[in-house]
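Chain order of the listed sequences is A and B.
Sequential numbering of the first sequence, starting at 21, is according to this note's numbering.
Sequential numbering of the second sequence, starting at 21, is according to this note's numbering.
For each residue, glycine too, the CB sits at the ideal point set by N, CA and C.
Quantities reported herein were computed from a predicted structural model and do not represent experimental measurements.
Working notes, beginning with the structure itself.
Number of protein chains: 2
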Amino acid sequence: MTTVTVIGAGNLGSVVAGIAAKGGTGVQVLARDAEKAQAVAGPLGGSAGVVGDAVTGEIVVLAVPYAAFEDLIAAYPGAFDGKVLVDVSNPVDFSTFDDLLVPADSSAAKVLQDAVPGAKVVKAFNANFGATLGTGAAGPVQTAVLVAGDDADAKRTLVDLVTSAGLRAVDAGSLKRARELEAIGFLQITLAGAEKISWAGGFALVD
Amino acid sequence: MTTVTVIGAGNLGSVVAGIAAKGGTGVQVLARDAEKAQAVAGPLGGSAGVVGDAVTGEIVVLAVPYAAFEDLIAAYPGAFDGKVLVDVSNPVDFSTFDDLLVPADSSAAKVLQDAVPGAKVVKAFNANFGATLGTGAAGPVQTAVLVAGDDADAKRTLVDLVTSAGLRAVDAGSLKRARELEAIGFLQITLAGAEKISWAGGFALVD
């Protein structure tokens, strides 16, 4: 059982904070806007604060857009070292919906790991729409959270949190697989944007 | 309704030939080994032949490994011009299961299109395990064939064939999205290889 800090109080941040409250022993929510952080953390019995406040969680979830990573890392010099740092982002170029903002042979998670070498970066949640994380299902299929990372202990810590919260967690391999997870997240967003699927559906993992 | 040539008589070739027989007006199966081609085509009431024989279908499905594309194209100078050329491949480096054989910002489909500029290349079927194409379902979810391509008519021709055969077909956008489809195919193969899912499951598309 684990304490979790979620940075970001948007759609996915709120849902992941809910998972952390269910599966962990305490959740802290930090956002640029203290009221938004409080609105997410309050109902979960967690603590709230603003970006720049000390992170208290063993797991730190970056639930902010990829474009905000650089500023966020600058706001936390050294603070992520030794932490399980969870990247939930889909680095889509939202001006075109046709490209990613990261090098094609890399990923947001890899860029993050390179920027914060002391952290144990894990990619997770990006291939799930928020609604399926909230309800625990995509249509008739239990929601599966795909988790990729190079540090086995960090990955296990996150897998345990997710399963303790009642969701399925699946080890998707090394952090290199974040490239493929971000491709899935990207395609899923384009399919929902084109109304081929709803924002409550997406790619469900079937045994 | 359409005639289809399937080149390749392996697992996926057989399944796609079955879809073509159901959804189209005739199927031709070509393989290096005439007996294997006949074994697939015979029960479907189709014609069989060897690679190098004239292709008779309006749709030509390349159901051979990506590594065999170059030889196959060399065996068919000009023959694919004007055809709907369907790429079902997952260009995985099977010696490592950790990389693709195509440039990270490209795809097997794009490489194929560049090699055969006169053809209308469509990416399809690569994100479906053969079993889910055969049964029409991945667990409780109807099998969805994701189809990407730059030629709207070619894409529609293939979508019609797939839906006529009783499967769901979903327009996944331009041929550029083949990069993401191949990432899904790749990840799905690594998950099955690691026994996280079975070869009868995979990523199912939920509305």
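Here Ala174/B is near Lys140/B, since their CB atoms are less than 7 Å apart. Taking a beta-carbon distance threshold of 7 Å, Gly221/B counts as an interface residue toward chain A. In the displayed model, Gly44/A falls within coil according to three-state DSSP, outside both helix and strand.
The bridge partners DSSP lists for Phe223/A are Leu225/B.
Under the 7 Å criterion on CB atoms, Gly169/A is classed as non-interfacial with respect to chain B. Residues of the same chain with a CB within less than 6 Å of the CB of Ala88/A, apart from the 5 flanking positions on each side, do not exist. With a threshold of 7 Å between beta carbons, Phe114/B makes no contact with chain A.
At a cut-off of 7 Å between beta carbons, Phe149/A makes no contact with chain B. For the C-beta of Asp107/A, not a single chain B residue is nearer than 7 Å; the gap to the nearest is close to 17 Å.
Boundaries of the beta strand (DSSP E) around Asp191/A: 188-193. One thing to note: Ala41/B has its Cβ within 7 Å of the Cβ of Leu64/B.
DSSP links Thr23/B through a beta bridge to Gly46/B. Contact with chain B is found for Gly159/A, since one of that chain's Cβ atoms lies less than 7 Å from the residue's Cβ. With a cutoff of 7 Å on beta-carbon distance, Ala224/B and Glu200/A are scored as not near each other. One alpha carbon belongs to Gly156/B, the other to Asp101/A, and they sit about 48 Å apart.
For Asp107/A, the beta-bridge partners assigned by DSSP are Leu82/A, Lys143/A. With a threshold of 7 Å between beta carbons, Phe145/A makes no contact with chain B.
Residue-level contact check: Leu121/B does not touch chain A, since none of the beta carbons of chain A fall below 7 Å from its beta carbon. Counted as a single uninterrupted DSSP element, the beta strand (DSSP E) harbouring Gly169/B occupies residues 164-169. Nearest neighbour of Asp118/B by Cα position, chosen from Ala214/B, Gly193/B, Asp171/B, turns out to be Ala214/B. DSSP links Ala68/A through a beta bridge to Val49/A. The beta carbons of Phe149/A and Val108/A sit no closer together than 7 Å.
The secondary-structure analysis by DSSP pairs Val161/A across a beta bridge with Ala158/A. Taking each of Ala124/B, Val49/B, Lys56/B, Ala220/B in turn and checking the Cα distance to Arg197/A, the smallest one comes out for Ala124/B.
Considering only Val179/B, Ser184/B, Ala185/B, Thr183/B, the residue with the shortest C-alpha distance to Ala192/B is Val179/B.
Taking a beta-carbon distance threshold of 7 Å, Phe117/A does not count as an interface residue toward chain B. In terms of beta-carbon proximity, Lys103/A stays away from the interface with chain B, with every pair separated by 7 Å or more.
Under the Cβ distance rule, Lys216/A counts among the residues neighbouring chain B, one pair being separated by less than 7 Å.
Residue burial is scored here from C-beta neighbours: Ala74/A has fewer than 16 other C-beta atoms within 10 angstroms and is therefore classed as exposed. Val190, Asp191, Ala192, Gly193, Ser194, Lys196, Arg197, Arg199, Glu200, Leu201: these are the residues of the region 190-201 of chain B whose beta carbon lies less than 9 Å from some beta carbon of chain A, given in chain order. In this structure, DSSP gives Val75/A a state outside helix and strand, which the three-state scheme calls coil. In this structure, Ala189/A sits near Val165/A, with a CB-CB distance shorter than 7 Å.
In summary, Ser34/B is buried, with 16 or more beta-carbon neighbours lying within 10 Å of its beta-carbon over all protein chains present.
In the displayed model, Val112/A falls within a strand according to three-state DSSP. Linking Arg52/B to Asp134/B through their CA atoms gives a straight-line distance of about 24 Å. If you look at Asp173/B, you'll find it in the alpha helix (DSSP H) that goes 172-184.
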